[in-house]
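Under UniProt numbering, the residue at position 109 of the sequence shown is numbered 109, and the numbers go up by one with no gaps.
Note that beta-carbon positions come from the ideal geometry of N, C-alpha and C, so glycine has one too.
A quick note: this is a predicted structure, and the numbers were derived from the prediction, not measured.
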Amino acid sequence: MYFSRSSWFLVKSHKSQVNAKAQNFLLRSTYRTSNYSSLSGFTAAKGCANLVSMFASQHENWGESNLADRSPRTDTSTDPEDKNQRFDGDQAFALAVVSDSSDRSKEKSLDQKTLRRLAQNREAARKSRLRKKAYVQQLESSRLKLTQLEQEVQQARPQGGLSSTAGDHSHATGALAFDAEYARWLEEQNRQINELRAAVSSHASDTELQTVVGNVTAHFDEVFKLKGAAAKTDVFHVLSGMWKTPAERCFMWIGGFRSSEILKLLTNQLEPLTEQQLAGIYNLQQSSQQAEDALSQGMEALQQSLSETLADGSSSTAGSSGNVANYMGQMAMAMGKLGTLESFLRQADNLRQQTLQQLHRILTTRQSARALLAIHDYFSRLRALSSLWVARPRQ
Numbered sequence: 001m002y003f004s005r006s007s008w009f010l011v012k013s014h015k016s017q018v019n020a021k022a023q024n025f026l027l028r029s030t031y032r033t034s035n036y037s038s039l040s041g042f043t044a045a046k047g048c049a050n051l052v053s054m055f056a057s058q059h060e061n062w063g064e065s066n067l068a069d070r071s072p073r074t075d076t077s078t079d080p081e082d083k084n085q086r087f088d089g090d091q092a093f094a095l096a097v098v099s100d101s102s103d104r105s106k107e108k109s110l111d112q113k114t115l116r117r118l119a120q121n122r123e124a125a126r127k128s129r130l131r132k133k134a135y136v137q138q139l140e141s142s143r144l145k146l147t148q149l150e151q152e153v154q155q156a157r158p159q160g161g162l163s164s165t166a167g168d169h170s171h172a173t174g175a176l177a178f179d180a181e182y183a184r185w186l187e188e189q190n191r192q193i194n195e196l197r198a199a200v201s202s203h204a205s206d207t208e209l210q211t212v213v214g215n216v217t218a219h220f221d222e223v224f225k226l227k228g229a230a231a232k233t234d235v236f237h238v239l240s241g242m243w244k245t246p247a248e249r250c251f252m253w254i255g256g257f258r259s260s261e262i263l264k265l266l267t268n269q270l271e272p273l274t275e276q277q278l279a280g281i282y283n284l285q286q287s288s289q290q291a292e293d294a295l296s297q298g299m300e301a302l303q304q305s306l307s308e309t310l311a312d313g314s315s316s317t318a319g320s321s322g323n324v325a326n327y328m329g330q331m332a333m334a335m336g337k338l339g340t341l342e343s344f345l346r347q348a349d350n351l352r353q354q355t356l357q358q359l360h361r362i363l364t365t366r367q368s369a370r371a372l373l374a375i376h377d378y379f380s381r382l383r384a385l386s387s388l389w390v391a392r393p394r395q
């Protein structure tokens with residue numbers, strides 16, 4: 001069967017429509033796959049181009065075969081519905097191929113990320129196990145070294161036992177001597193305070209009152225000398241406040257009272273005060289507070305440094321003789337740092353003594369007498385509170 005010229009033009013027109021639809025499909029497929037990775041988009045676009053070329057070739061061959069083949073078996077149908085159904089089937093097949101290619105690319109990318117993440121997790125777990133193992137080994141090594149060092153110290157103790165006993169006896173003797181001296185000082189202070197109270201109550205003259213106030217102030221200076229001498233023998237005994245009552249120890253600061261707290265207490269006890277006196281007491285309180293803060297920070301730094309010195313020896317890996325040498329060097333450094341405790345106590349006592357002296361210069365003679373009575377009554381109440389606390393009924 002021969003095709004007419006109009007039929008040939010119809011075939012060519014259909015071929016152009018196929019090419020146009022294929023190109024539109026290529027653009028839509030490329031746009032749909034743009035959200036994937038560049039490799040996936042490139043693969044999908046390339047697949048679409050191949051499909052378009054294949055479809056164009058098929059339709060071209062189909063048209064040419066229709067023109068050349070004149071046998072009765074050749075499909076000469078020009079029904080538009082048949083052609084549209086064939087094109088829709090080709091388009092669906094191309095879309096399935098592109099989608100499948102994009103899905104495989106996406107799955108491949110996800111698989112690579114998952115594998116990398118799993119590898120990183122395995123490496124982190126391996127390092128964690130190694131660190132834990134090293135830490136356990138270090139603890140075990142430290143325990144063994146500590147046990148060995150304790151044995152060596154016990155073996156060396158009999159050689160230095162006599163000197164150690166003598167040193168302990170000396171410290172005990174010094175502490176007992178200081179406690180006895182402080183008890184006598186306290187009795188003398190009570191006597192002088194009673195004398196001062198009587199002078200104030202009897203409205204003694206300023207000259208007589210000045211003499212009594214001077215005696216009480218000089219007696220306060222004596223306790224600082226006693227503490228300085230005792231600190232050279234046993235500074236820990238003085239700092240701990242074991243020579244005072246429990247309630248007094250509760251308010252202790254570096255072996256004594258806080259000057260700033262005493263000044264706060266006296267401000268309300270000495271009214272009326274002039275503006276100049278109030279300003280002088282306020283400035284004295286501020287300077288005392290700053291000095292106390294500086295000494296407190298110094299004590300904290302000393303404690304931290306001492307702790308670090310004693311802890312450094314635990315990491316030593318030397319042998320038996322090396323451990324002993326390291327231990328002795330460690331103790332020598334710690335002893336040197338402990339020697340500064342006496343300096344801190346001396347500075348704190350100097351601050352307390354100077355505060356009382358400057359307060360005496362700011363106040364009048366009668367105000368100074370009232371201040372000394374207020375200070376004594378405050379500590380006397382603390383001692384009475386301790387006695388009541390110790391004698392309380394226990395259930």
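Of all alpha-carbon atoms in K244, T233, V212, E140, the one lying nearest the alpha-carbon of A183 is that of K244.
Between the region 364-373 and the region 199-209 there are three or more C-beta pairs closer than 8 Å, enough to call the two in contact. For W253, the three-state secondary structure derived from DSSP is coil. Taking a C-beta distance under 7 Å as the contact criterion, Q297 and L263 do not qualify as a contact pair. Shown here, A204 sits in coil according to DSSP, grouped into three states, outside any helix or strand. Bounds of any alpha helix (DSSP H) do not take in Q395, whose DSSP letter is neither H nor E. For K264, the uninterrupted alpha helix (DSSP H) segment begins and ends at 259-269.
With 16 or more neighbouring CB atoms inside 10 Å of its own CB, F257 falls in the buried class. Unbroken beta strand (DSSP E) runs of no fewer than 3 residues, entirely contained in the region 317-347, are not found. Rounded to whole angstroms, the gap between the alpha carbons of A124 and T114 is 15 Å.
Of all alpha-carbon atoms in S368, Y282, E271, the one lying nearest the alpha-carbon of N215 is that of S368. The beta carbon of S386 sits closer than 6 Å to the beta carbons of T245, P246, A247 from its chain, once the five residues preceding and following it are set aside; these are given in chain order. As the crow flies, the alpha-carbon of K227 is around 15 Å from that of T340. In this structure, S259 lies near R352, with their beta-carbon atoms less than 7 Å apart.
When secondary structure is reduced to three states using DSSP, W243 falls in the coil class, being assigned neither helix nor strand. Around the CB of N268, fewer than 16 other CB atoms lie within 10 Å, so the residue is classed as exposed.
A134 has its alpha-carbon roughly 20 Å from the corresponding atom of N121. Burial state of L359 is buried, judged by a 10 Å Cβ sphere holding 16 or more other Cβ atoms. Of the residues L388, R381, L372, the one whose Cα lies closest to the Cα of Q210 is L372. For T365, the uninterrupted alpha helix (DSSP H) segment begins and ends at 365-390. One thing to note: V223 has its Cβ no nearer than 7 Å to the Cβ of A230. If you check the CB distance, L266 and A374 come in under 7 Å. A Cβ-Cβ contact shorter than 7 Å links T309 with M333. Looking at E275, G255, E188, the one whose alpha-carbon comes closest to that of M299 is G255. In the structure shown, T309 falls within a helical segment according to DSSP collapsed to helix, strand and coil.
With a 10 Å radius around the Cβ and a threshold of 16 neighbouring Cβ atoms, S288 comes out buried.
A Cβ-Cβ contact shorter than 7 Å links E195 with V212. Ranking Q112, Y378, V235 by CA distance to the CA of G174 puts V235 first. DSSP, reduced to helix, strand and coil, places T173 within a helical segment of the structure shown. Pairing A348 with L295 gives a Cβ-Cβ distance under 7 Å. Between T233 and the set R370, R392, E342, the nearest pair of CA atoms involves E342.
Under the criterion of beta carbons closer than 8 Å, T217 and L338 do not qualify as touching, at roughly 33 Å. The alpha-carbon separation between R197 and G336 amounts to approximately 47 Å. Taking C-beta separations shorter than 6 Å and ignoring five residues to either side along the sequence, the partners of A291 in its chain run L351, following chain order.
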